[in-house]
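Colleague:
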Amino acid sequence: MKLVKLIIFKEMFKIEMNKSKRHVCHLVHSFDIGGLERIIVNCINNLDNEKFHHTIISLTHITDFINEINFPITHYSLNKKEGNDISVYFKLYRLLNELKPDVFHTYNLGTVEYHWVAMFARVPLRIHAEHGRDSYDPNGASKKYQLIRKICSYAIHRVVAVSQDLSDWLVCEVGIPSKKLHLIVNGIDTNYFNPEGVVSQELNELDGKFIFGHVARLHSIKNQTLMLKSFLMACKNSSEFSDQCILVIVGDGPDRKCLENFVSENPVLKERVLFTGSKTNVRDFYCRFDAFLMSSIAEGIPMTLLESMSMSIPHLVTLVGGIKEVIKEEETGLSVHSDDVCNYSRGLLDLFVKKERTKIMSVKARNRIIEKFNQDIMIEAYSDIYLGNG
Numbered sequence: 036m037k038l039v040k041l042i043i044f045k046e047m048f049k050i051e052m053n054k055s056k057r058h059v060c061h062l063v064h065s066f067d068i069g070g071l072e073r074i075i076v077n078c079i080n081n082l083d084n085e086k087f088h089h090t091i092i093s094l095t096h097i098t099d100f101i102n103e104i105n106f107p108i109t110h111y112s113l114n115k116k117e118g119n120d121i122s123v124y125f126k127l128y129r130l131l132n133e134l135k136p137d138v139f140h141t142y143n144l145g146t147v148e149y150h151w152v153a154m155f156a157r158v159p160l161r162i163h164a165e166h167g168r169d170s171y172d173p174n175g176a177s178k179k180y181q182l183i184r185k186i187c188s189y190a191i192h193r194v195v196a197v198s199q200d201l202s203d204w205l206v207c208e209v210g211i212p213s214k215k216l217h218l219i220v221n222g223i224d225t226n227y228f229n230p231e232g233v234v235s236q237e238l239n240e241l242d243g244k245f246i247f248g249h250v251a252r253l254h255s256i257k258n259q260t261l262m263l264k265s266f267l268m269a270c271k272n273s274s275e276f277s278d279q280c281i282l283v284i285v286g287d288g289p290d291r292k293c294l295e296n297f298v299s300e301n302p303v304l305k306e307r308v309l310f311t312g313s314k315t316n317v318r319d320f321y322c323r324f325d326a327f328l329m330s331s332i333a334e335g336i337p338m339t340l341l342e343s344m345s346m347s348i349p350h351l352v353t354l355v356g357g358i359k360e361v362i363k364e365e366e367t368g369l370s371v372h373s374d375d376v377c378n379y380s381r382g383l384l385d386l387f388v389k390k391e392r393t394k395i396m397s398v399k400a401r402n403r404i405i406e407k408f409n410q411d412i413m414i415e416a417y418s419d420i421y422l423g424n425g
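In my numbering, the protein residues as written are 36 to 425.
Structure follows, in structure tokens:
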């Protein structure tokens, strides 16, 4: 009898403890390797476990990337069909009624409409975050998608933008009231992404080469074709560059086959471009890179740019979205306008030829991230907004 009472007491204590924590429910389109998912993982791993517990719901699927979270977490896949799938609204409504979260947090356009479901399920605090634009609307100019965001905002209490560029767009173009808007800039763990003491077993076969590295999803919005065309031009313009430089592309995605075909169709690139596929141990690759490349047509605040700069890697990037808020031109690295093959190629040659300047840039790149993009600031901001402050 005493044992039964003890068990009941323990269960009641657990329930009370859970009630004292804020239950945050994250809704994503899918949970795979990517910058957005990395931010969710980092937040869950670093928010105070005494104050919060989390659930992840994916409209489509969840991959092994969920294991990057440091402790077991409840997660659900709603197995949404392509196109309009009305059943997902009912699945989500039933699930939210069962879970009874305190906070409902969605990410990007693909999930914003589900705030109406959360509202009818009486979730007390509803938050939407914009982390970047989509390949089908890279400039955010679509009136249709602006209208969707505007209408859905009436069911949302707080809107988060991860860059000043996105924040200005949400207010001026979409029409989100500034009082609803919170600017929470992405941040990273600069102690983890630190070149000191990292011993990597990756890319040992490339010792002695100058390695240009790229880490991203292989997708049209990342415009990796620009990177390959520019690298090809640099190889043709400089025999020394062609002999000593390698391009390593870390990531996977729908454009991989197309990019691999481009390489195979150009003999100059065959021995000089390496596709590694998706990797979670990106730090081991960063520490082998001499320069980091991005060629996107749209971005928020890219996590891989922050990570690479924190690893003391200078960059060559396209000057889009929130990137201009991260870098310092010709101090932390170089930038060109989007889709400018000639100047991107010149930037590659510049980083390779002027190695002493590249080394100076590497120090300034890390200092920039330590000063402006520390993860602790981001975690504190999300903690405040989940607690209903501000």
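We treat Cβ as the ideally placed atom computed from N, Cα and C, and that holds for glycine.
1) Could you tell me if Y227 is buried or exposed, where buried requires 16 or more neighbouring beta carbons within 10 angstroms of its beta carbon?
2) Figure out for me which residue from Y321, N119, I91 and N114 has the closest Cα to the Cα of T141.
3) Whole alpha helix (DSSP H) runs in the region 85–139 with 4 or more residues, listed along the chain?
4) Take L218 as the anchor and find which of N296, I336 and D385 has the nearest alpha-carbon.
5) Tell me whether G286 is buried or exposed, calling it buried when 16 or more other Cβ atoms sit within 10 Å of its Cβ.
6) Below 6 Å CB to CB, which residues in the same chain sit around K407 once its five sequence neighbours on both sides are set aside?
7) Going by C-alpha to C-alpha distance, which of K271, R184 and F310 sits closest to D290?
8) Measuring alpha carbon to alpha carbon, tell me which of F387, I104 and M346 ends up nearest N229.
9) Whose C-beta lies closer than 6 Å to the C-beta of K399 among residues of the same chain, with five residues either side of it excluded?
10) Can you check whether the CB of V352 is closer than 9 Å to the CB of S330?
11) For the beta strand (DSSP E) holding R381, just list the boundary residues, first then last.
12) By how many angstroms is the C-alpha of R161 removed from the C-alpha of L253?
13) Let me confirm a value: V388 is counted as buried when at least 16 other C-beta atoms fall within 10 Å, else exposed. Which label applies?
14) Once DSSP output is grouped into helix, strand and coil, what is the label at A400?
15) Cutting at 7 Å between CB atoms, please list the residues of its own chain near G423, excluding the five before and the five after it.
16) Return helix, strand or coil for H150, following the three-state DSSP convention.
17) Is DSSP giving V33 helix, strand or coil here?
18) Measure how close the beta-carbons of A196 and H150 come, nearest whole angstrom, since I'm counting them as under 8 Å.
19) Can you grab the Cα-Cα spacing for the pair N143 / R323, in whole Å?
20) With H, G and I counted as helix, E and B as strand and the rest as coil, what does DSSP make of D411?
21) From what residue to what residue does the beta strand (DSSP E) around E165 run?
22) Using the C-alpha atoms, what's the distance from N114 back to H163?
23) Helix, strand or coil for I79? Go by DSSP, reduced to three states.
24) Measuring only from the beta carbon, is H150 closer than 8 Å to any heavy atom that is part of the ligand COA?
25) Can you list, in chain order, the residues of its chain whose CB lies under 7 Å from that of C270, leaving out five sequence neighbours each side?
26) In the region 203–290, which residue ranges form an unbroken beta strand (DSSP E) of at least 3 residues, counting only runs that do not cross its ends?
27) What do you get for N296, buried or exposed, if any count of 16 or more other CB atoms within 10 angstroms of its CB means buried?
28) Any idea what DSSP makes of C60, helix, strand or coil?
29) Roughly how many angstroms separate the alpha carbons of I97 and Y111, rounded to a whole number?
Modeller: Taking the coordinates as given:
1) The residue in question, Y227, is exposed, as its Cβ has fewer than 16 Cβ neighbours within 10 Å.
2) Taking only the C-alpha atoms, the option nearest T141 is I91.
3) Entirely contained in the region 85–139, the alpha helix (DSSP H) runs reaching 4 residues are, in chain order, 122–134.
4) That would be I336, whose Cα lies nearest to the Cα of L218.
5) So G286 ends up on the buried side.
6) Contacts found: none.
7) In terms of CA proximity to D290, F310 leads the group K271, R184 and F310.
8) Distances from the alpha-carbon of N229 to those of F387, I104 and M346 put M346 closest.
9) Here the set comprises E366 and T367.
10) The criterion of a C-beta distance shorter than 9 Å is satisfied by S330 and V352.
11) In the DSSP assignment, R381 falls outside any beta strand (DSSP E) and lies within the alpha helix (DSSP H) extending over V376 to V388.
12) L253 and R161 have their C-alpha atoms roughly 32 Å apart.
13) Around the beta-carbon of V388, fewer than 16 other beta-carbon atoms lie within 10 Å, marking it exposed.
14) Three-state DSSP puts A400 in a helix.
15) Result list for G423: L160, in chain order.
16) Helix, per DSSP.
17) No information on residue 33 is available, as it lies outside the stretch 36 to 425 that the chain covers here.
18) Contact check for A196 and H150: beta-carbon distance about 16 Å, past the 8 Å limit, so the pair fails to qualify.
19) One C-alpha to the other measures close to 33 Å.
20) Helix.
21) It spans L160 to E165 - the beta strand (DSSP E) in which E165 sits, taken as one unbroken run.
22) Per the coordinates, the alpha-carbon of H163 lies some 21 Å from the alpha-carbon of N114.
23) Here I79 sits in helix by DSSP.
24) In terms of ligand content, the structure shown is empty, and the ligand COA therefore cannot be addressed.
25) Only residues of its own chain outside the window of five on either side were considered, and among them F276, S277, V303 and R307 have a CB closer than 7 Å to the CB of C270, listed in chain order.
26) 216–218, 245–250 and 280–285, all fully within the region 203–290.
27) When all chains shown are included, N296 counts as exposed.
28) Here DSSP, grouped into helix, strand and coil, assigns C60 to strand.
29) Looking at the two C-alpha atoms, the distance is approximately 8 Å.
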